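Residue numbers for the sequence shown follow my numbering, so the first one is 5 and each next one is one higher.
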Amino acid sequence: MNTWPLDEAKTNLGNLIRDAREQGPQVISVQGEQEAVVLSIEEYRRLREPRRSMLRFLQESPLADPDLDLERRDEMGREVEL
Numbered sequence: 005m006n007t008w009p010l011d012e013a014k015t016n017l018g019n020l021i022r023d024a025r026e027q028g029p030q031v032i033s034v035q036g037e038q039e040a041v042v043l044s045i046e047e048y049r050r051l052r053e054p055r056r057s058m059l060r061f062l063q064e065s066p067l068a069d070p071d072l073d074l075e076r077r078d079e080m081g082r083e084v085e086l
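See below:
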């Protein structure tokens, strides 16, 4: 991840956007402190997608066992000594 001082980011905005698209997230710093990140639109959209739950992942897996019981039991489980 590259870090761009704010003044350099302003002056080279086109290059900053290109680098975000081609190389990944780009950090913008203000007075030496990381303050912001520029992402490609593809990365932003990927991060905004709703995540699938583990239950849904297991249900949709091509390796899913149709006899696998995925219902949560009401019992509390066992006690563990720490």
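Positions of the beta carbon are idealized from the N, C-alpha and C atoms, including for glycine.
Computed from a predicted structure; not experimentally measured.
For this session: Compare the Cα-Cα distances from aspartate 11 to each of Ser44, Ile45, Leu67 and Gln35 and report the closest residue.
Result: Gln35
Problem set entry | In DSSP terms, what proline 66 is bridged to | In the DSSP output, where bridge partners are listed per residue, proline 66 has none listed.
For this session: With distances taken Cα to Cα, identify the nearest neighbour of isoleucine 32 among Thr7, Leu17 and Glu53.
Result: Thr7
Exercise. What span of residues does the beta strand (DSSP E) with glutamine 30 cover, start to end?
Worked result: 30-34
Exercise. Nearest to lysine 14 by alpha carbon, out of Arg50, Arg25 and Ala40?
Worked result: Ala40
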